[in-house]
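Peer 1: In order, the protein sequence lines correspond to chains A and B.
To convert, count from 1 in the first sequence and add 419; that's the numbering used here.
To convert, count from 1 in the second sequence and add 7; that's the numbering used here.
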Amino acid sequence: MRRTSWETLTTKYPALFSIILIVVALLINLSLQPNLFSRDTLNSNLRVFLPSVLLAVGQAFVILGGGIDISVGGIVSIVNTVLAVQVGLNGSVEKMWLYVGISLLIGIICGALNGFFIAVLRLQPIITTYATSFLFGGLALFVLPNPGGGIPQSIANIYRSTTPLGIPLGFYIIAILILLWQYLRSTRYGSYLYSVGGKADAAYETGVPVTWINFSTYVISGLMAALSGIAITMLSGSGNAEIGSPMTLTAITAVVIGGTPLSGGIGGITGPIMGALTLGIIQNIVSFAHVNTWWETFVKATIIVVALAAPGIINLFGRRKS
Amino acid sequence: MSRSLSAQHIVKHYGGVVALSDGNLNIQSGEILALIGANGSGKSTMSKVINGVVDFDGGQLLLDDKPVQIPSPQAAKNLGIATVFQELSLVPQMTIADNIWLTREPLKSTKAINRKLINQRTEELLALFEGTLRTKIHPELPVSTLPPDEKQIIEILKAISLNPWLIILDEATASLDSRQVDRLFELIRRWKAEDKAIIFISHRMEEIFRIADRFSVLRNGKTVGDGNMKDITDKQLVQLMIERENVYEFTKASTAAEKTTSTNPVYLEVEDLETDTIRGISFKVKEGELVGIGGLRGQGQRDLLLAIFGDIPYSGKIKIKDQAVHFKNPRTAIKHSIALVPGERAREGLLYIRSILENLHLPNWDKYGFPLKIRKAQEDARKIGLRLNLVMASLMEPVSSLSGGNAQKVVIGKWLLRDPQCYLLDDPTKGVDVNTKSEFYSLLTGLCKDGKTILFYSSDDDELIGLCDRVLVLHDGVIRAELTGETLTKENLVAASLGVTNGGAA
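Take a look at the structure:
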C-alpha cells in the first residue's frame, strides 16, 4: 500500500523528489554563502546555471519519449564555435542576431539528423547519438581548432547583467519554459509524448503517430541545445570547441535527478529544470566548502550518486513494508 | 441499420505452421456469437484477422456483404470494429482517462485537452462497472496502480468508448471476478439491444451458455460447425471440438515400466500451493511416474512448474522424499536434483547466439574444475548429442543454427548430464517436428523406467492421453479433474479443461 501511494505521488507530482532535493541543497548553500539571495549573487548564479537548464529541458523531451540524446554537447560546441568565429570580438549586433538565427537552425538540423536515424531508420538512440556527438564535436573542431575568438563584450553583457524589474534574466527564461511546457503538456502532443515513452506498442496500436513524436523530441532537443550554446557563448564571451562535451552528462543527470527516469513516460520539464539548478548549487557548495580541488569531482559525484539512488531506496523500503 | 461481417474460407500460415485452413464466421448486429475451440484451434488467429492485426493468406472478409480490407487495427476501428485484447494495450504510466481517450481527446478552443470533459466522460464509462471495482477509482489514477481485473475493465471501456458496432471480447473475462463478469454480461445484453454485435471468445463453457446466441466451432484451423446455442448441449460442443484421428503411436510410461510405479515411494508432494494464478493445488507424484498436467493455456500450469522450481514466490508446502523444502531460487532447486524445461525455449531455455557446447554445459560447469577441462566437457557433450540424436554441424555452432526440434533437444540435454531425479516440463513439444516428438516420447518413457519423476505439461491433449499414467487438469488455478486409466479419455480431458461440470471423473 505504501509503495502504491509513493508511486501514485511520484507519477502525479514527478517533481516532488527534486523539490525536496533542491530545498536541501539551497539550505546548505545558504549556510555556506549567506548572501545567496542577494540580487547580484542570484544573477551570477543563474546565468551560470542557465545553459545546463536549457540543455536539460531538451534532454527531458527525448527521455520522456523513451529515447536519449548524448549528442547535445556536440551541438553546443558547434553553436559556440560558429558564433565565436563568425561574429568575432568586434562584430556588430546585427551580425550577432543573424548568427543566433543560424545557430537555432543548426540545432534543428542536427536534431533532425538524430531524429531521422532513430525514429525513421529505427537505430539505437544511445549508439546513434554517441556517433553523431563525434560528428558534431568534429565539426566544431573544424570550425575552431584552437580556443579563441568570441563575441563583443557589450553583447555578452546583455546576457550577463540584464535584470528587468530587479529580477535576473534567467528567472524569466525559466518561467517562460515552464509556462510553455504546461501548455504543451495539456495538448494532444503532450499526451502522445507520454504514451510513446510509456509503451510505444500500445500507443501504436491505439493510433498514435509514434515515428513523428519520436522525431520531434530530437528536433526539440537540438533546438534547446542550440539555445544552450548561445547562452554559454554569451556567458563566456569566447569560443572553445571542447565547451559542450562535459555538459551532456550533466544534462542527463539533471533529468534523472528531476524525477524523469531514463525508461521514459514519467516525469516532466519542471523536475529536470530543478535538477539542473540543484547540480549547479552542488557545484557551489563544493567550491564554498573549500573542498580540496583534488577531491572536488569525487565529492560532487558522491552527492549525485546519493541523490540518484534515493528514490530507489525509498521504493525498496516501501516494498519491504507491504 | 443492420450490419454484418462475414469471414469466408480464411487461410493463415505462420511460416510452415497452418493456423487457419478454412476459417468461417458470420455475425450480424444484435447478435452474440461464441467462438469456440480447443488449444491451437485458431480462435486467436481468427479474431486477429478480423481486427486487422494479422494479414491472411487466403479467403475474404465481407462487411455488409461487400468485400473489405482490414490492413491495420486502426482500419478496423474506423470500420467500427473494436477489440478487447488479452495482452493489454494500455500505457501503464498514463492515467485511466488519458488511456481511454488517447488520440480522441476532447479539445478546448486553445487546443489544450479539455480535462473536465475527459474526466467527466471517463466517469460515465466507469459508472458502467460501478460497485464491482475494488479500489476507489478516479479518472486521473495511473493505470499501473490498478490490479489486473481493473486494468482489464479499463481495456473494455477503451473499446466501448469507440462506440463500435462490433465488439470482439478475446478472453476478456479471464481475469475478472464473478461480479464483474455478471456486470459485463448485463452490459453485453444492453449492447445487443442497441443492435451491436459481439464476438465472445472464452474458455469457460458455462459463460458461453449464459451469454451467447450462436456458436462457431474451430478445430485445427477449420470451422467444423455453427448453429444456435439452444440447439446444442455442452457435451455435444465438446464432441465437435475433438478430433478423432491420432498420428502417433504412444507407449505408456507405466506399460514400459511394467506397472511397477504403484508400489514406488512418493517423490514429490505438493500441498495447498498458491501463487498469483494458482488457488490451492495439492497432489503427490511417485518415483518413476509420468504425470501429465492438462487444461487450456494459462490456467496456472506455468506457475505450478515455476513455483516448484523456486522461480516464483508461493505459499503452501512442497515435500521432496518426505522432506519439506522451500526453494527461493532455481539454483537451490537444481542442487536438489530438479530440472526445468521452460515453456519459452528462445527466451528462457537457451542462449541462442552461444554455442551448443556452452548451452549444454551451462548448468554443469561446476563439474569440470578450474581451469575447465574443456576436452572432457566436449566428450560429454558429444555423448549427450549422440544419445539425443542431435543433428548439428559441430558443437561449436551457435544454437541459432539448429532447427526448433534440435534446439529443444539441447534444452533437455543440458539437464541429462546432471542426471536429475525430477523433471518439470513446460510444453516441451511445442513447435517441434513429428520425428523429434516421437524421439522425445521414448526419451521420457526411458527416463521413467530409470525411476525418474516427470511432471509434464502439454498443450497437446493426445500427448497427455497417450503418454501419461495420470493427468491433472487445471482450470482457473485449481485441479478440475484427475484422470487415470479408464477415465483418461479425450472427451473427459477436454470437458474438464473447459470447466464443464461432471464432465470428468474423479
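All residues carry an ideal CB built from backbone N, CA and C; glycine is no exception.
All of these numbers come straight from a predicted model, not from anything done at the bench.
Does the separation of the CB atoms of A:V615 and A:G484 fall below 9 Å?
Peer 2: Taking 9 Å as the Cβ cut-off, A:V615 and A:G484 qualify as a contacting pair.
Peer 1: Measuring CB atoms only, is the region 633-649 of chain A touching the region 454-463 of chain A, in the sense that at least three cross pairs come out at less than 8 Å?
Peer 2: Contact fails: fewer than three Cβ-Cβ distances are below 8 Å.
Peer 1: Report the residues of the region 616-631 of chain A with a CB closer than 7 Å to any CB of chain B, ordered along the chain.
Peer 2: Taking 7 Å as the Cβ-Cβ cut-off against chain B, the residues of the region 616-631 of chain A that qualify are G617, K618, A621, A622, E624, T625, G626 and V627.
Peer 1: Using only CA atoms, which one of B:N106, B:I34, B:W108 and B:L95 lies nearest to B:I88?
Peer 2: Checking every option, the nearest Cα to that of B:I88 belongs to B:I34.
Peer 1: Could you list which residues in chain A have their beta carbon closer than 7 Å to that of B:T110, in chain order?
Peer 2: The answer, in chain order, is T625, G626 and V627.
Peer 1: Are the region 202-212 of chain B and the region 37-47 of chain B in contact at 8 Å, needing three or more beta carbon pairs?
Peer 2: Contact holds: three or more Cβ-Cβ distances are below 8 Å.
Peer 1: So, with DSSP's three-state summary, where would you put B:A263?
Peer 2: Its pLDDT being 48, under 50, B:A263 is placed unreliably by the model, and the measurement read from it follows with that caveat. Helix.
Peer 1: Determine the DSSP secondary structure at B:N366, reduced to helix, strand or coil.
Peer 2: Of the three classes helix, strand and coil, the one that applies to B:N366 here is helix, per DSSP.
Peer 1: Since A:S605 meets chain B, which of its residues come closer than 8 Å, beta carbon to beta carbon?
Peer 2: Under the 8 Å cutoff, chain B gives A119, I120 and R122.
Peer 1: Rank B:A83, B:V292 and B:L311 by C-alpha distance to the C-alpha of B:D283 and give the top, closest one.
Peer 2: It is B:L311.
Peer 1: Within the continuous beta strand (DSSP E) that includes B:D235, where are the two ends?
Peer 2: The identity of residue 235 of chain B in the sequence shown is Asn, whereas the question assumes Asp. K229 to N235 is the extent of the beta strand (DSSP E) around B:N235.
Peer 1: Helix, strand or coil for B:L481? Go by DSSP, reduced to three states.
Peer 2: Looking at B:L481 - three-state DSSP - the assignment turns out to be strand.
Peer 1: Which of helix, strand or coil does DSSP assign to A:P680?
Peer 2: Coil at A:P680, not helix or strand.
Peer 1: Three-state secondary structure (DSSP) at B:K459?
Peer 2: Here B:K459 sits in coil by DSSP.
Peer 1: Strictly under 9 Å for the Cβ-Cβ distance: is B:K335 near chain E by that measure?
Peer 2: Going by chain labels, chain E is absent from the structure shown, which instead holds the protein chains A and B.
Peer 1: Helix, strand or coil: which one does DSSP assign to B:V418?
Peer 2: The answer is helix: DSSP assigns B:V418 an H, G or I state.
Peer 1: Could you check which residue in B:D433, B:L424, B:P378 and B:L86 has the C-alpha nearest to that of B:D387?
Peer 2: Here the closest residue by C-alpha is B:L424.
Peer 1: What span of residues does the alpha helix (DSSP H) with B:L97 cover, start to end?
Peer 2: That residue, B:L97, is in no alpha helix (DSSP H); it is neither H nor E in DSSP.
Peer 1: By the three-class DSSP mapping on this structure, what secondary structure does A:R458 have?
Peer 2: DSSP places A:R458 in helix when its eight states are reduced to three.
Peer 1: List the residues of chain B whose Cβ lies closer than 8 Å to the Cβ of A:I685, in chain order.
Peer 2: Ordered by position in chain B, the residues that pass the 8 Å Cβ test against A:I685 are Q100.
Peer 1: Per DSSP, A:T697 is paired with what?
Peer 2: Per DSSP, none; premise fails for A:T697.
Peer 1: In this structure, does DSSP put B:D387 in helix, strand or coil?
Peer 2: B:D387 falls in the helix class under three-state DSSP.
Peer 1: Can you say whether B:Q330 is buried or exposed, counting buried as having 16 or more other CB atoms within 10 angstroms of its CB?
Peer 2: Looking at its Cβ environment, which holds fewer than 16 other Cβ atoms inside 10 Å, B:Q330 is exposed.
Peer 1: Going along the chain, which residues of its own chain have a beta-carbon closer than 7 Å to the beta-carbon of B:D156, five neighbours each way excluded?
Peer 2: Excluding positions up to five away in sequence, the list reads S182, L183, D184 and Q187.
Peer 1: Bridge partners of B:C429, per DSSP?
Peer 2: Paired residue(s): B:I345 and B:T460.
Peer 1: Check whether the region 334-348 of chain B touches the region 288-306 of chain B, counting contact only when three or more Cβ pairs, one atom from each stretch, lie closer than 8 Å.
Peer 2: No, they do not touch.
Peer 1: Please confirm if the region 647-659 of chain A is in contact with the region 121-140 of chain B, defined as three or more CB-CB distances below 8 Å between the two stretches.
Peer 2: At 8 Å Cβ cutoff, the stretches do not touch.
Peer 1: Express the C-alpha separation of B:C455 and B:A264 in angstroms, rounding to a whole number.
Peer 2: Only weak support is given to the placement of B:A264: the predicted model assigns it a pLDDT of 48, under 50, and the question is left unresolved by the model.
Peer 1: For A:S614, go through chain B and note every residue whose CB falls closer than 7 Å to its CB, in chain order.
Peer 2: Result: V98, M101 and L109.
Peer 1: Mind reading off the beta-carbon distance from B:L109 to A:T625? Whole number of angstroms is fine, and I expect it under 8 Å.
Peer 2: Correct: roughly 5 Å between the Cβ atoms.
Peer 1: Would DSSP call B:G510 helix, strand or coil?
Peer 2: Any reading at B:G510 must be qualified, since the residue scores a pLDDT of 42, below 50, and its modelled position is unreliable; no value is offered.
Peer 1: Any beta-carbon of chain B closer than 9 Å to the one on A:Y602?
Peer 2: Output row for A:Y602: interface = yes.
Peer 1: Looking at the unbroken beta strand (DSSP E) that takes in B:V91, where does it start and where does it end?
Peer 2: Segment I88 to V91, the beta strand (DSSP E) holding B:V91.
Peer 1: For B:E470, collect the residues of the same chain with a Cβ closer than 7 Å to its Cβ; drop the 5 residues on either side in sequence, then sort them by chain order.
Peer 2: Once the five neighbours on either side are set aside, the close Cβ partners of B:E470 are T436.
Peer 1: Can you pull the chain A residues whose beta carbon is under 8 Å from the beta carbon of B:P154, in chain order?
Peer 2: By Cβ distance, chain A contributes nothing, its closest Cβ being about 10 Å from B:P154, past 8 Å.
Peer 1: So, helix, strand or coil for B:Y274, using DSSP?
Peer 2: In this structure, B:Y274 counts as strand in the three-state DSSP scheme.
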